[in-house]
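Here is the structure we will look at, set down as structure tokens.
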Amino acid sequence: GLGVKCSKEVATSIRGAITLAKLSIVPVRRGYWGNKIGLPHTVPCKVTGKCGSVSMRLIPAPRGTGIVSAPVPKKLLQMAGVEDCYTSSTGQTRTLGNFA
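No gaps in the numbering here: position 97 of the sequence shown is 97 in the UniProt record's numbering, and each next residue is one more.
So this is what it looks like as structure tokens:
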């Protein structure tokens, strides 16, 4: 999950952000592209999500492609365990809260 918290003290904000991140955990399904050999490595189908003005689309990719994405969603997809994926984003992607 992703958590953002503001506070006067650093330790308080970190604790609050960790709590919010634990509450906003979302399961990520993984699947195959082409044949089903080995472990799941990509998203199972095309997926679209929206937050604010930013619309993000995840597209399955063949094994060995890697994550073709901007740096922010690339880190999130790596943490989710996705190895191969194409991404497409539209909107005001400079707003990191909406982009991540």
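Each residue gets a CB set at the ideal place from its N, CA and C atoms; glycine is no exception.
Quick caveat, the model's predicted, so the values are computed rather than measured.
Tell me the residue span of the beta strand (DSSP E) that contains residue i.
i	result
Thr48	Val47 to Cys51
Tyr86	Cys85 to Thr90
Pro62	Element bounds for Pro62: n/a, residue is neither H nor E.
Taking 7 angstroms as the cut-off, decide whether the C-beta atoms of residue i and residue j are in contact.
i	j	result
Lys75	Ile67	no
Pro44	Arg29	yes
Among the residues of its own chain, which have a CB less than 8 angstroms from the CB of residue i, if the five just before and after it don't count?
i	result
Gly1	Leu20, Ala21, Lys22, Leu23, Ser24, Ile25 and Val26
Gly38	Arg63
Determine whether the Cβ of residue i lies closer than 7 angstroms to any Cβ atom of chain C.
i	result
Lys36	Among the chains of the structure shown, chain C does not appear; only one protein chain is present.
Roughly how many angstroms lie between the CA atoms of residue i and residue j, to the nearest whole one?
i	j	result
Trp33	Thr42	7 angstroms
Leu96	Cys51	11 angstroms
Pro71	Ala100	10 angstroms
Thr65	Thr87	12 angstroms
Ile59	Pro40	14 angstroms
Ser13	Gly3	10 angstroms
Gln78	Val54	20 angstroms
Cys85	Val47	11 angstroms
Val82	Lys8	36 angstroms
Ala61	Ala11	40 angstroms
Provide the residue span of the alpha helix (DSSP H) that contains residue i, from first to last.
i	result
Lys77	Sequence check: residue 77 is Leu here, not Lys. Run containing Leu77: Pro71 to Ala80, per the alpha helix (DSSP H) assignment.
Leu96	Leu96 to Phe99
Apart from the five residues just before and just after residue i, which ones in its own chain have a Cβ nearer than 7 angstroms to its Cβ?
i	result
Gly49	Met56
Lys5	Ser13, Gly16, Ala17 and Leu20
Asn35	none
Whose C-beta lies closer than 6 angstroms to the C-beta of residue i among residues of the same chain, with five residues either side of it excluded?
i	result
Ser69	Thr87
Report task. Would you list, in sequence order, the uninterrupted alpha helix (DSSP H) runs of no fewer than 4 residues that lie entirely inside the UniProt domain "S5 DRBM" (1-28)? Result -> List check, alpha helix (DSSP H) in window: 10-23.
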